[in-house]
Amino acid sequence: MQEYSLTKKNAENPEEGTLVFFEANKDISFSFKRVYYTYGVKEGIIRGHHAHKALEQLLICVYGAIEIMCDDGKKKEYTVLDDPAKGLYVGRGIWRTMKWLKDDSVLLVLACEYYDESDYIRDYDEFIRLVKEGYWKR
Ligand code: T46
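Letter by letter, the sequence shown follows residues 47 to 184 in this note's numbering.
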């Protein structure tokens, strides 16, 4: 996991807000082929509960606040995304959950690959088995 502070450009007139940008392979460590976002989620809901064999992603909460739990099979780390200019890189072999801390928070994700259900590990025991057998070199 790695936190990124994304580049912000504040408008001269504060009422015109802020623009955030980043470029693949320059500002973040990988290139992305897919973008998706999740919205309309109520406070307290937890999504995720899976790991990826190979997928790398950048998670950004573009509105609201979402807590991301990342578990490498040995320890868990919690990150609160509550700033649209903050990104969290989540690499391969990390079991993750996303807990909505505020109604209607929006999670934007940039993924290095197209959607492939066979890349998901949705069973925690299977995840731990793969960690123990060294599937991911840490
Ligand atoms: C992740 C976290 C942060 C697709 O058909 N295409 C897609 O690109 C995606 C992302 C999902 N789907 C389908 C698969 C399921 O039938 O949409 C349904 C909901 O997906 P899922 O239950 O995996 O959603 P989350 O919010 O638990 O997890 C998602 C991503 O799937 C996952 O890669 O890391 O967001």
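C-beta atoms are modelled at their ideal positions from N, C-alpha and C, and glycine is treated no differently.
Going by Cα to Cα distance, which pick from Cys116, Met144 and Val152 is closest to Asp129?
Working through the sequence shown from its first residue, we reach residue 129 at position 83. The option with the nearest alpha carbon to Asp129 is Val152.
Rounded to whole angstroms, what is the Cα-Cα separation between Asp169 and Cys116?
Locating residue 169 in the sequence shown gives position 123, counting from the first residue. Locating residue 116 in the sequence shown gives position 70, counting from the first residue. Asp169 and Cys116: Cα-Cα distance of roughly 15 Å.
For the ligand T46, list every residue whose C-beta falls under 5 Å from any of its heavy atoms, going in chain order.
Taking each Cβ in turn, the ones that pass are Tyr82, Arg93, Gly94 and Tyr161.
Going by other Cβ atoms of all chains shown within 10 Å of its Cβ, with 16 needed for buried, is Ala157 buried or exposed?
Position 111 of the sequence shown, counted from the first residue, corresponds to residue 157. Per the 10 Å Cβ criterion, buried.
In three-state DSSP terms, what is Leu65?
Along the sequence shown, one-based indexing puts residue 65 at 19. Correct three-state label for Leu65: strand.
Please report the straight-line C-alpha distance between Ser51 and Val155, rounded to a whole angstrom.
For the purposes of this step, residue 51 is taken as the residue at position 5 of the sequence shown. For the purposes of this step, residue 155 is taken as the residue at position 109 of the sequence shown. Cα to Cα, the separation comes out at about 15 Å.
Under three-state DSSP, which class holds Lys25?
Since the displayed the chain opens at 47 and closes at 184, residue 25 lies outside it and no answer follows.
Residue span of the beta strand (DSSP E) that contains Asp117, given as start and end
Taking the sequence shown and counting its residues from 1, the one referred to as residue 117 is at position 71. First-last of the beta strand (DSSP E) with Asp117: Ile112 to Asp117.
How many whole angstroms separate the CB atoms of Leu105 and Ile114, which I take to be in contact at a CB cut-off of 8 Å?
Start at 1 with the first residue of the sequence shown, and residue 105 comes out as number 59. Start at 1 with the first residue of the sequence shown, and residue 114 comes out as number 68. That pair is a contact at about 6 Å.
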